[in-house]
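Comments concern the structure below.
Protein chains: 2
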Amino acid sequence: MTTRESATKSQMSRETLLPLLAGHVLQHGLASASLRPLAKAAGTSDRMLIYHFGNKDDLIRQILEYIAGIYSAALDASMGDERAKTRQDVVTRVLSHMREPAMQPFLALWWEIVAGAARGTDSHSEAAQQMMERLLEWLEEQMPEDDPDPKGGARYLLTLTEGAQMLGTIGHARTAREGLLASDLTRD
Amino acid sequence: MTTRESATKSQMSRETLLPLLAGHVLQHGLASASLRPLAKAAGTSDRMLIYHFGNKDDLIRQILEYIAGIYSAALDASMGDERAKTRQDVVTRVLSHMREPAMQPFLALWWEIVAGAARGTDSHSEAAQQMMERLLEWLEEQMPEDDPDPKGGARYLLTLTEGAQMLGTIGHARTAREGLLASDLTRD
DNA sequence: CATGCCATGTAGCACTTGCTACATAATCGC
DNA sequence: GCGATTATGTAGCAAGTGCTACATGGCATG
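As structure tokens, this is what we get:
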């Protein structure tokens, strides 16, 4: 029984643990996600984490998967009611969405995931791709109704906003802002 | 004598060590940059690294500073002879420059630095800002001669190419490519 | 009631981490 | 040449790492 829904007997299943573990990773990052701190955050022991998840790699993989799920839900929740009018509107929405306090933990974690992917860590790559694909879908749905190329446009805006996000992270928000002003988006 | 130029007596100064340390960090990343492996790579001991650099934080700070210097030199070296004709040209140059094998270690390290900056590590933020500023200068010099707004344009292209870079890193190079195709850059 | 499995606690192991104490060789100013 | 500073080796420490061995309670099924 590797993955079963009926959790009638156990109080501490993967399903119970994962939210707590995810919370800890979101708050403190992957760098300090070692067994004992994680266990403490989830109210259990390193012993039990290995018991439930096999080894640390699989633990992290499943936590990241779970977090990707949360992220996806967060995107769904913040779906704007009315469509954006222009691409500029979309960019503004994305950036202000990412500036929300609730999104900060995801942002900080995001770059750790990217760094892991850059070094070839499979679990990180998988999570990264999953999250980007989801964000891309979300962006496509946000595109203006009259956009001549919603698919391409969404990819364009994704590239642009992710670049801006990175610049903001390293304290170059101003550079990103000026860059966006010089893009075609602000041409009237 | 914290920082002296005359290194007549010592065979193993900071200056001798730094290139070797930087090489190790570029190859293996910050995550595995602990004292003993670093010392081994530089042909010395953890004991001497602390002796020369004070503590690990300062060690990393100085290594990153040194690497930022190398990066800057690498940018200088790859300065194109003739100016680019269009912004599209500039993007192509930047991306192909970053695709060179010699740049790969910088790229992988880059995301670790960004991740560190996102978590508030000062030394990482400093290195990141330094490298981005340098890249921005380089980009400004690459802008087409007849560009209506070279400064803003450079910032725009920086944002765009960094986004593309990230997408490439996590295996979404295709998304970035399609995004660039949908930008104004490819409009004739 | 017996048997066996699931869940968990307690200890511990071998290894790595940053850093320090202590001794000693080399070298420099005098 | 001598005393002081500089550079280096050897050992080690306390904490943290992933993971394992062993025992043991509880529960369900025979």
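Protein chains in written order, with the numbering used here: chain A, 2 to 189; chain B, 2 to 189.
The C-beta atom is built at its ideal place from N, Cα and C for all residues, glycine as well.
Quick caveat: nothing in here was measured; it's all calculated off a predicted structure.
Could you tell me the distance, in whole angstroms, from the CA atom of residue i to the CA atom of residue j?
i: Gln166(A); j: Ser73(B); result: 23 Å
i: Arg94(B); j: Met49(A); result: 52 Å
i: Pro102(A); j: Phe54(B); result: 38 Å
i: Leu140(B); j: Asn56(B); result: 36 Å
i: Asp185(B); j: Leu21(B); result: 44 Å
i: Leu137(A); j: Ser126(B); result: 28 Å
i: Glu83(B); j: His98(B); result: 15 Å
i: Pro151(A); j: Ala118(A); result: 28 Å
i: Arg100(A); j: Gly121(A); result: 29 Å
i: Gln63(A); j: Leu159(A); result: 26 Å
i: Thr187(B); j: Pro149(A); result: 15 Å
i: Met132(B); j: Asp47(A); result: 40 Å
i: Leu60(B); j: Ala116(A); result: 21 Å
i: Glu163(B); j: Arg37(A); result: 36 Å
i: Ser124(B); j: Asp147(A); result: 46 Å
i: Tyr157(B); j: Asp77(A); result: 29 Å
i: Ala174(B); j: Tyr52(A); result: 38 Å
i: Ala96(B); j: Ser79(A); result: At residue 96(B) the sequence reads Leu, which differs from the Ala that was named. If I take the Cα positions, the gap works out to 33 Å.
i: Ala69(A); j: Leu19(A); result: 12 Å
i: Gly153(B); j: Ala155(A); result: 22 Å
i: Glu134(A); j: Ile114(A); result: 15 Å
Between the Cα of residue i and those of the options, spot the shortest distance and give me the residue it belongs to.
i: Met104(A); options: Glu16(A), Asp148(A), Asp185(A), Leu27(A); result: Leu27(A)
i: Tyr67(B); options: Thr122(B), Val91(B), Ala129(B); result: Ala129(B)
i: Ala43(B); options: Ile61(B), Ala23(B), Ser33(B); result: Ala23(B)
i: Ser35(A); options: Leu18(A), Ile171(A), Thr170(A), Asp58(A); result: Asp58(A)
i: Thr170(A); options: Arg88(A), Leu182(A), Glu134(A), Trp111(A); result: Trp111(A)
i: Leu65(B); options: Ala40(B), His25(B), Lys41(B); result: His25(B)
Do we get a CB-CB distance below 7 Å when we pair residue i with the residues of chain B?
i: Gly161(A); result: A quick correction: the sequence has Leu, not Gly, at residue 161(A). Chain B, which has a Cβ nearer than 7 Å to the Cβ of Leu161(A), makes this yes.
i: Ala119(A); result: yes
i: Ser184(A); result: yes
i: Gly70(A); result: no
i: Ser124(A); result: no
Whose C-beta lies closer than 7 Å to the C-beta of residue i among residues of the same chain, with five residues either side of it excluded?
i: Ala109(A); result: Gly30
i: Gln143(B); result: Gly81, Ala85, Val91, Arg94
i: Met13(B); result: Thr45, Met49
With a threshold of 8 Å on Cβ separation, who are the neighbours of residue i within its own chain once the five nearest residues in sequence on each side are excluded?
i: Thr3(A); result: Low per-residue confidence applies at Thr3(A): pLDDT is 33, beneath 50, and the placement is therefore not dependable, though the value from the model is reported in the following sentence. None.
i: Ala75(A); result: Ala103, Met104, Phe107
Is any beta-carbon of chain A found at less than 7 Å from that of residue i?
i: His25(B); result: no
i: Ser35(B); result: no
i: Trp139(B); result: no
i: Gln28(B); result: no
i: Gln130(B); result: yes
i: Met99(B); result: no
i: Ile171(B); result: yes
i: Arg88(B); result: no
i: Tyr67(B); result: no
Excluding the 5 residues flanking residue i on each side, which residues of the same chain have their C-beta closer than 6 Å to its C-beta?
i: Glu179(B); result: none
i: Thr176(A); result: Leu168
i: Ser11(B); result: Bear in mind that the predicted position of Ser11(B) carries a pLDDT of just 45, short of 50, making it unreliable; the figure below should be weighed with that in mind. Excluding residues within five positions, none has a Cβ falling inside 6 Å.
i: Thr1(A); result: This structure gives no information on residue 1(A), because the portion of chain A shown stretches from 2 to 189.
*Tell me the start and end of each unbroken alpha helix (DSSP H) in the segment 47 to 79 of chain B that is at least 4 residues and wholly inside, in chain order.*
Listed in chain order, they are 47 to 54, 57 to 78.
*asked:* To test your reading of the DSSP string, which unbroken alpha helix (DSSP H) runs of 4 or more residues are found completely within the segment 147 to 188 of chain A?
replied: Taking only runs of at least 4 residues, the alpha helix (DSSP H) segments lying wholly in the segment 147 to 188 of chain A are 151 to 170, 174 to 182.
*asked:* Restricting to runs no shorter than 3 residues, where is the beta strand (DSSP E) found entirely within the segment 7 to 40 of chain A?
replied: With a minimum length of 3 residues, no continuous beta strand (DSSP E) run stays inside the segment 7 to 40 of chain A.
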